[in-house]
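Visitor:
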Amino acid sequence: MSPAPDAALITASYAADFERCRLLCETVDRHVTGASHHYLLVEHRDVALFRQLEGKRRTVIDERELLPSWLRDIPDPASLFKRRIWLSLKAPPLRGWHVQQLRRMAIAERIDQETLVYVDSDVAFLRPFDCARFWLDGKLRLFRRDGVLLKPGHDNHRIWSANAAAVLGIAAPEISPHDYISTLIAWRGSSVRDMLARIEQVSGRHWVEAVCARRKFSECMIYGRFADEVAGGAGHYVGSEEFCRVHWTGTPLTDAQFEAFVAAMSPEQVAIGMQSFIGTDLGRIRRLVAA
Numbered sequence: 000m001s002p003a004p005d006a007a008l009i010t011a012s013y014a015a016d017f018e019r020c021r022l023l024c025e026t027v028d029r030h031v032t033g034a035s036h037h038y039l040l041v042e043h044r045d046v047a048l049f050r051q052l053e054g055k056r057r058t059v060i061d062e063r064e065l066l067p068s069w070l071r072d073i074p075d076p077a078s079l080f081k082r083r084i085w086l087s088l089k090a091p092p093l094r095g096w097h098v099q100q101l102r103r104m105a106i107a108e109r110i111d112q113e114t115l116v117y118v119d120s121d122v123a124f125l126r127p128f129d130c131a132r133f134w135l136d137g138k139l140r141l142f143r144r145d146g147v148l149l150k151p152g153h154d155n156h157r158i159w160s161a162n163a164a165a166v167l168g169i170a171a172p173e174i175s176p177h178d179y180i181s182t183l184i185a186w187r188g189s190s191v192r193d194m195l196a197r198i199e200q201v202s203g204r205h206w207v208e209a210v211c212a213r214r215k216f217s218e219c220m221i222y223g224r225f226a227d228e229v230a231g232g233a234g235h236y237v238g239s240e241e242f243c244r245v246h247w248t249g250t251p252l253t254d255a256q257f258e259a260f261v262a263a264m265s266p267e268q269v270a271i272g273m274q275s276f277i278g279t280d281l282g283r284i285r286r287l288v289a290a
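Residue 148 in numbering that gives the first Met the number 0 sits at position 149 of the sequence shown; the count goes up by one each step and never skips.
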């Protein structure tokens with residue numbers, strides 16, 4: 000069996016998540032193998048802060064090195080200048096979560112690794128994980144939950160799916176039945192570059208401009224539909240197991256609830272994600288992860 004292609008870990012983050020990202024980096028260094036480098040993708044004003052996390056195998060990349068020069072951030076007066084907004088003459092106003100998704104796509108044009116492993120900055124690894132697990136018989140694992148968008152709810156996911164079809168030039172179905180969104184997933188670098196070229200071919204515009212035109216988009220949905228429907232599944236196999244157990248919504252967890260959450264991890268899960276906006280105390284997470 001040939002070895003799995005080289006992997007890069009990709010994390011898009013921002014200043015408010017810095018300490019969570021520090022914990023992620025510590026647990027990556029402790030538990031993750033099979034990746035030659037870890038890239039932290041941040042906005043221009045956060046570069047100096049995140050440089051503290053750099054090392055021989057970890058690099059901070061300024062979004063200005065990834066995204067077109069016409070897309071620039073300014074303080075947002077609507078938030079009393081506490082947040083940022085990205086403005087241009089080629090796209091509607093964008094928020095930080097939009098631009099984080101753009102960075103995750105753009106990095107494929109900057110680096111050479113074929114395995115791009117995406118992990119959010121509010122994730123912590125608890126168990127050993129080899130990035131080679133994404134590969135099977137020369138194919139990369141495409142995360143996909145079959146038929147989820149046929150069920151009630153998931154309204155935003157259906158919008159993202161429809162917008163993915165439009166930007167990729169998929170005439171039908173307008174909405175895929177499948178969901179491709181999760182954390183701790185992998186994409187093929189060559190497939191991402193093919194996807195961006197496809198978007199530019201369909202739209203006649205730079206891919207960033209085309210993707211942002213609809214504003215409601217998901218980078219995972221775009222990649223999933225490209226790999227499945229445009230590329231016909233070439234170079235991929237499908238898997239639905241989630242490697243990261245995530246607390247998506249709700250209230251902050253108590254110590255007992257956190258311990259129960261960890262104890263409920265399935266055998267294939269190696270990491271946990273505590274969505275930062277929920278507000279679970281980072282000191283509690285750090286203490287219990289280290290226990």
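Ideal Cβ placement from N, Cα and C applies to all residues, glycine included.
So, are the CB atoms of SER189 and ALA226 less than 7 Å apart?
Guide: No, the Cβ-Cβ distance between SER189 and ALA226 is not below 7 Å.
Visitor: Going by CA-CA distance only, name the one from LEU70, ALA270, ILE284, TRP159 that's closest to ARG29.
Guide: For ARG29, the nearest C-alpha among the options comes from ALA270.
Visitor: According to DSSP, simplified to helix, strand and coil, what is MET220?
Guide: If DSSP states are grouped into helix, strand and coil, MET220 belongs with the helices.
Visitor: Under 7 Å between the Cβ atoms of ALA123 and LEU22?
Guide: In this structure, LEU22 lies closer than 7 Å to ALA123 by Cβ.
Visitor: Under a Cβ-count criterion, where at least 16 other Cβ atoms within 10 Å of its own Cβ denotes burial, should THR26 be classed as buried or exposed?
Guide: Under this definition THR26 is a buried residue.
Visitor: Thinking C-alpha only, which one of HIS153, ARG143, GLY203, ILE198 is nearest HIS177?
Guide: Among HIS153, ARG143, GLY203, ILE198, the Cα nearest to that of HIS177 is on ARG143.
Visitor: In or out: ARG192 buried (at least 16 other Cβ within 10 Å) or exposed?
Guide: By the neighbour-count rule (16 or more Cβ atoms within 10 Å), ARG192 is not buried but exposed.
Visitor: Report the option in PHE257, VAL31, PHE216, PHE260 whose CA atom is closest to the CA atom of VAL118.
Guide: Looking at the Cα atoms, VAL31 is the closest of the given residues.
Visitor: Use the C-beta contact count for ARG224: other C-beta atoms within 10 angstroms, 16 or more gives buried, fewer gives exposed.
Guide: Buried.
Visitor: What would DSSP say about ILE284, mapped onto helix, strand or coil?
Guide: In the structure shown, ILE284 sits in a helix (DSSP, three-state: H, G or I).
Visitor: Which same chain residues, not among the five before or five after CYS20, have their C-beta less than 6 Å away from its C-beta?
Guide: Only SER12, SER120 meet the Cβ criterion.
Visitor: Quick one: what does DSSP say PHE257 is sitting in, helix, strand or coil?
Guide: DSSP places PHE257 in helix when its eight states are reduced to three.
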